[in-house]
Ligand SMILES: [Zn+2]
């Protein structure tokens, strides 16, 4: 027959075991949503695989245009955030989609207000696409470069801008979280300026004269 003391210790042991189960479970749950993205963004990112394109937000839709005009937030690098790379891959698939064939894209264009862009590097061999996290233009060269621009979010519109600097100095993080600084020139510099504008809710049509 169990004495009340034995029963008491048994009760404590079961309690300790149960609470350790619960605390382990809590940590696991927290780890699985440890991400720079919101729950809704994670749902969207996880709804397809890396080669699945995302819907491109268009200025012609009132709802889309409200989001396109907002400022994006910095991306935090969190340990085990599998969604950062997953989102980057889907954003890449979207800019490479045969229907768009863009030379650059910014996260707000798929409805995610986070500082991530892809730029095609026409200043490098074989013109690779590269991903930039939290890109910032730290200085603008004085010389301007007139350039025809278009935008995946503004279909059927191409126009010449004259306010882009020919040379800019940028700082950014790579997908691996390495901070870098570099100078970019020419057409590639215009793509950077166009995509970084998106992170501030600015569209290339804002730079056109006589544009309403
Ligand atoms: Zn654009």
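Residue numbers (this note's numbering): 117 to 328.
Yeah, the Cβ is synthetic: ideal placement off N, Cα and C, and Gly gets one too.
Nothing here was measured: the structure is a model prediction, and the numbers come from that model.
With 16 other Cβ atoms within 10 Å as the buried cut-off, status of residue i
i, result
"residue 288", "buried"
"residue 294", "exposed"
"residue 194", "exposed"
Simplified DSSP state of residue i, which is helix, strand or coil
i, result
"residue 265", "strand"
"residue 310", "helix"
"residue 320", "helix"
"residue 218", "coil"
"residue 240", "coil"
"residue 226", "helix"
Near ligand 1: residue i beta-carbon under 8 Å from a heavy atom
i, result
"residue 225", "yes"
"residue 314", "yes"
"residue 269", "yes"
"residue 310", "yes"
"residue 275", "no"
"residue 222", "yes"
"residue 319", "yes"
Under 9 Å between C-beta atoms of residue i and residue j
i, j, result
"residue 220", "residue 173", "no"
"residue 319", "residue 247", "no"
"residue 315", "residue 187", "yes"
"residue 152", "residue 200", "yes"
Residue-level contact to chain D via CB, residue i, 9 Å cutoff
i, result
"residue 188", "The displayed structure is made up of one protein chain only, and chain D is not part of it."
Would the stretch 301-320 and the stretch 203-215 be scored as touching if the rule is three or more Cβ pairs under 8 Å? The stretch 301-320 vs the stretch 203-215: no contact.
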